[in-house]
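Chains as they are written, first to last, in this note's numbering: chain A, 1 to 271; chain B, 1001 to 1314; chain C, 2001 to 2289. Read through the structure below, which is laid out as structure tokens, and then see the notes.
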Amino acid sequence: MKQLLKKAGLVIAILMAGGLLRSPLENRLETRLVETHLLFTPPAKNVLDVLGQESAMAVLGGMRSVVALYWQLMAISDWEYQEWDDLAKKFEIAALLTPRDTDMWIKYAWHIHTNASASVFDDASMTEPQQYLAADDYIEQGIGILYRAVKQMPDSVDLQMDLAQVLREKRQDYCGAAEAYKRALELEGHPAYTTRFYGYMLAKCPGREREAYEHLKMLWFEDEKHHMPSMRRDLADLEVKLNVPEALRIPGLENQDERFSRQRSGQPEVP
Amino acid sequence: MSDTTTSTAESAGKDASPVRPPLISPSRIWSLATVTFTQLLRMKVLYFMLIFGLIVAVIFNFNPSGQTVAQQLKSTKDVSFAVMNVFSMLFAIASTAILIPKDLEDRTLYTILSKPVPRLDYLLGRLMGVLMVVGACLIIMYAFLALVLFVQEQILVSAELSRLREQPQMDSETLLNMENDMRKQGLHWPLLYAPLAIFLKACVVAAVTLFLSTFASSTLFTIIVSAMLFLIGHFHKSTYEVLMEDTHANAVVALLGKLVVLAVPNFALFNVVDGIAAAEPVDPMLMGQLFLVTAVYTVLYLLVALIVFMDKEF
Amino acid sequence: MSTPAVKIENLTKIFPLSLRKRYLVAVEQLSLTVGDGEVYGLIGPNGSGKSTTMKVVLGLMAPTKGTCRVFGNDSRDVVSRNQVGFLPENPYFYKYLTGAETLKFYGKLCGMKGPALKERVDELLEMVDLTGARDRRLGGYSKGMLQRIGLAQAVVQRPRLVVLDEPTAGVDPSGSRKIRDLVLQLKKDGTSVMLCSHLLEQVQEVCDRIGIIHQGRMVKEGSLKELIALEDQTEIVLKNGSEALIEKIRSLIREEQGAELVTLGHPRTTLERVFLEETRQDAPKPAKD
């Protein structure tokens, strides 16, 4: 019996000593793995709060992605039944588990700013002004989701591009969209049209017309591939707006008549 | 019958100081490992591979609305790695837990240990045998996953590209960017780190189970306690941190928590599989360190297993 | 004098029964010596301490008190196992291995390899009469065959001491006869044998010396002759003797001073002998016994 206790003591002592020896190496490794996004450990408390015990076990047992996928799939039926709050809850779980899944964020936001905001117009219980207000709420909510996503992954071009497009189309926030395009420009892998769109958005952002003109002019002279109808129109407009002396204006921009007809239809270049 | 005569007579003349067997003999460990390998394979574990194939095939054909190409590819990887993970852990725990009690029950342990086999060799041979099966199964499963992923990538990406080409104002650069985005989730060499990480995790799990089975009174006990330690090892650290932040935890609780964190392996480290599957870039140096951590855990648990097993009586 | 194969001195083995202070004394102050080349029979009823003693010899257990040496080496030291072969009672080897694979596996555990091991495996299969079943899995072996492969396994590294635990338990008479022959062969080769059994007849047939163990203590030890010989009696077995001849013998005995006729009647053959006589007429069946 004495021997047994002695042995148990020895075993515990070895495990403890081993733990003390390995923990510095292990902690450093863990920090590095988290920094390089290979490892993501959601706080155990949050996971237990949000998920049931079984899901939490699965997550903690190393199946985070699959559980996240499961919740995304579960959200599909909420989409069908237009249960937007339920859908948001499920995506929130997915977001907690896989905060670096770009497509997940974009889809989540899209459900809210596009699907949910459109669905309110089918809701007969609301008056029309109410419907518009509710739609705006959803749009703001969707944009908020994208901003959260950008915060998680400031290096994602896709997120910046999506954010810019949503700001431009849903909120008509051209200054915000310009900023998003600008951040996308700083990242690798942005589409070729990003730089032009940045200029177009600046042109529509009050107070930044000079900046817009300089940017678009630079592009105009840089490469003929930029000579798009939208660019001709915006440059010509800006020259008028900024009172650029006739002698300094860019030759060969589109004529005034064409310009006005386009301006009225209000169609920007579509990628 | 008469052939034995000469040989035994020869050895009978030898002096009473025989050569000491080396403490660790690779060939002896190898023969124990191969016997374990054969033993486990004959238990038809490979049928599991069929189930795995089925699951991957279902995922392959599963295309819920709203999934982008990249997401579909990622789903295939996520589900496959999750299945590989579950299989490896269950197998490592169950088979390691069964081996020693079964040897004891069949008295094969007597015949093995009454040969000049140091007990460390026996433990190492058993552990290695289990890990060989896990490794072989992971290779088979990964090969299947790689094949499916490759085919899926080709089919989905080319379909998506031909759809995108018909979009107005689509330029080749954008197209290339979008293709790269999709292919990022396809088949790449760094994906191989995922089964490796699963294997490393299985090593630690098997070593812990082996330790438990050296003193456990029943196989069931070993399996249940191993599974519990496995779960605890995934969240003990974060739980401990939460505990320390949230409550004015009294000294006893704090000490106990600290002891658990020190003694139980931090299995959460091996969850890099998720990051690898998400096509995050992998630093080989970090994988090397993970390997090192695995080695430390395995040696540590083998050591305590040996301490228990060394003068265990049968 | 050469080193004895086994030298046990004052062996005591105590098992704690529970956490409280209750103990079971399995073996108490036991001493025995198995000489080099000797066949020693350890007999006793079930639970008498035979198996414990044997496990101490094999290093599967450590003595609580006393010492056990195998060819001079402490039995707890792995080195002592170089010289020992062991056949447990009712052995189950890995069912999925063939006879040849089994022997190869145990040979490798003893550090044997290459052509030497292959040759040894063939030799052993020949010895235990299982050449025909070498590539069959042990799952399909009969009990007697298992026992024989077990014996082959025990001597794979040519040990100088073989420990046999109830080697014929559950084996039919012809199978146990084969095993007995193998033990006699080992004896002829100069291998020491320690045989544990409760089948007295079997022990009587092969052992040079016998120890009787009861409740953990050695109660009687000595050579077979010493233990069973009745020096003052003589047995005559007569064939085709007429009544008249028998009467003549009776009267001769009566005439002799001090002589006394103890028994007279038809001698009984042993049941084992009858069984063997009967079964020997059958056509020889290959491999399976």
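Backbone N, C-alpha and C fix where the C-beta goes; we use that ideal spot for every residue, glycine too.
Decide if residue i is buried, meaning its Cβ has at least 16 other Cβ atoms within 10 Å, or exposed.
i, result
"Gly1288 of chain B", "exposed"
"Glu179 of chain A", "buried"
"Thr1006 of chain B", "Confidence in Thr1006 of chain B is poor, its pLDDT being 39 and thus under 50, which makes the residue's placement unreliable; the coordinate value appears in the next sentence. Thr1006 of chain B comes out exposed."
"Glu2247 of chain C", "exposed"
"Glu1153 of chain B", "buried"
"Glu1166 of chain B", "exposed"
"Arg2258 of chain C", "Here the sequence assigns Gly to residue 2258 of chain C, which means Arg is not the residue at that position. The residue is exposed, with fewer than 16 neighbouring Cβ atoms inside 10 Å."
"Asp158 of chain A", "buried"
"Lys245 of chain A", "Rather than Lys, the amino acid found at residue 245 of chain A in this sequence is Pro. So Pro245 of chain A ends up on the exposed side."
"Phe121 of chain A", "exposed"
"Asn1250 of chain B", "exposed"
"Gly144 of chain A", "exposed"
"Ile1051 of chain B", "exposed"
"Met1178 of chain B", "buried"
"Glu2089 of chain C", "buried"
"Asp2135 of chain C", "exposed"
"Lys2225 of chain C", "exposed"
"Met218 of chain A", "exposed"
"Lys6 of chain A", "exposed"
Determine the chain B residues that contact residue i at a beta-carbon separation under 8 Å, and present them in chain order.
i, result
"Tyr222 of chain A", "It should be noted that the sequence gives Glu, not Tyr, for residue 222 of chain A. By Cβ distance, chain B contributes nothing, its closest Cβ being about 15 Å from Glu222 of chain A, past 8 Å."
"Cys2110 of chain C", "Lys1115, Pro1116"
"Val11 of chain A", "Val1304, Ile1307, Val1308"
For residue i, return the contacting residues in chain C, with the cut-off set at a CB-CB distance below 8 Å.
i, result
"Ser1114 of chain B", "Leu2058, Gly2059, Leu2060, Arg2081, Val2084, Gly2085, Phe2086, Val2163"
With the cut-off set at 7 Å, would you say residue i and residue j are in Cβ contact?
i, j, result
"Val1272 of chain B", "Leu96 of chain A", "no"
"Arg22 of chain A", "Val1045 of chain B", "no"
"Leu2097 of chain C", "Gly2150 of chain C", "no"
"Ile2210 of chain C", "Val2219 of chain C", "no"
"Gly1233 of chain B", "Phe1270 of chain B", "no"
"His347 of chain A", "Val150 of chain A", "Because residue 347 of chain A is not part of the residues shown, which for chain A are 1 to 271, the question remains open."
"Pro1265 of chain B", "Val1308 of chain B", "no"
"Thr2064 of chain C", "Lys2013 of chain C", "yes"
"Ser65 of chain A", "Asp1274 of chain B", "yes"
"Gly2037 of chain C", "Gly2190 of chain C", "yes"
"Phe1199 of chain B", "Ala1305 of chain B", "no"
"Asp103 of chain A", "Ala1070 of chain B", "yes"
By the DSSP assignment, the alpha helix (DSSP H) with residue i in it spans what residues?
i, result
"Ser2223 of chain C", "From DSSP, Ser2223 of chain C is part of no alpha helix (DSSP H) but of the beta strand (DSSP E) over 2217-2223."
"Leu2138 of chain C", "No alpha helix (DSSP H) holds Leu2138 of chain C; DSSP gives it neither H nor E."
"Val2156 of chain C", "Val2156 of chain C -> no alpha helix (DSSP H), and no H or E assigned at all."
"Thr2033 of chain C", "Where Thr2033 of chain C is concerned, there is no enclosing alpha helix (DSSP H), although the beta strand (DSSP E) it sits in stretches over 2023-2034."
"His2214 of chain C", "Run containing His2214 of chain C: none in the alpha helix (DSSP H); it sits in the beta strand (DSSP E), 2209-2214."
"Val1086 of chain B", "1069-1105"
"Leu2186 of chain C", "2173-2188"
"Tyr181 of chain A", "174-185"
Against residue i, what residues of chain B qualify as contacts under a CB-to-CB distance less than 7 Å, listed in chain order?
i, result
"Pro2091 of chain C", "Arg1107, Thr1111"
"Leu20 of chain A", "Leu1262"
"Lys2113 of chain C", "Ser1027"
Can you tell me where the beta strand (DSSP E) with residue i in it begins and where it stops?
i, result
"Leu2117 of chain C", "Counting along the chain, Leu2117 of chain C falls outside any beta strand (DSSP E), though it belongs to the alpha helix (DSSP H) covering 2114-2127."
"Leu2011 of chain C", "2006-2016"
"Val2039 of chain C", "2039-2043"
"Cys2196 of chain C", "2192-2197"
"Val2162 of chain C", "2161-2165"
"Phe2093 of chain C", "That residue, Phe2093 of chain C, is in no beta strand (DSSP E); it is neither H nor E in DSSP."
"Leu2087 of chain C", "2084-2087"
"Cys1137 of chain B", "Counting along the chain, Cys1137 of chain B falls outside any beta strand (DSSP E), though it belongs to the alpha helix (DSSP H) covering 1119-1165."
"Gly2066 of chain C", "2065-2070"
Interface residues of chain B around residue i at Cβ under 9 Å?
i, result
"Arg32 of chain A", "Asp1283, Met1285, Leu1286, Gln1289"
"Lys2065 of chain C", "Per Cβ cutoff of 9 Å: no residues; Lys2065 of chain C is ~15 Å from chain B at best."
So which residues of chain C does residue i contact, with C-beta pairs closer than 9 Å?
i, result
"Phe1309 of chain B", "The premise fails here: Phe1309 of chain B is roughly 12 Å from chain C at the closest Cβ pair, so nothing lies under 9 Å."
Which bits of chain D does residue i rub up against, with CB to CB less than 8 Å?
i, result
"Gly189 of chain A", "The displayed structure is made up of protein chains A, B and C, and chain D is not among them."
By the criterion of Cβ-Cβ separation under 9 Å, what are the contact partners of residue i in chain A?
i, result
"Gln1071 of chain B", "Leu69, Gln72, Asp101, Asp103, Met104, Lys107"
"Thr1174 of chain B", "Pro191, Ala192, Tyr193, Pro271"
Going along chain A in order, which residues have a C-beta closer than 7 Å to the C-beta of residue i?
i, result
"Thr1068 of chain B", "Asp103"
Along chain C, in chain order, which residues have C-beta atoms closer than 7 Å to that of residue i?
i, result
"Ser1031 of chain B", "Phe2105, Lys2108, Leu2109"
Against residue i, what residues of chain A qualify as contacts under a CB-to-CB distance less than 8 Å, listed in chain order?
i, result
"His1188 of chain B", "Per Cβ cutoff of 8 Å: no residues; His1188 of chain B is ~15 Å from chain A at best."
Do the stretch 2087-2102 of chain C and the stretch 1136-1144 of chain B touch if we need at least three Cβ pairs shorter than 8 Å?
no
Given 8 Å, three or more beta-carbon pairs between the stretch 1113-1127 of chain B and the stretch 1086-1102 of chain B:
yes
Examine the Cβ distances between the stretch 1079-1095 of chain B and the stretch 2047-2067 of chain C and report whether three or more of them are shorter than 8 Å.
no
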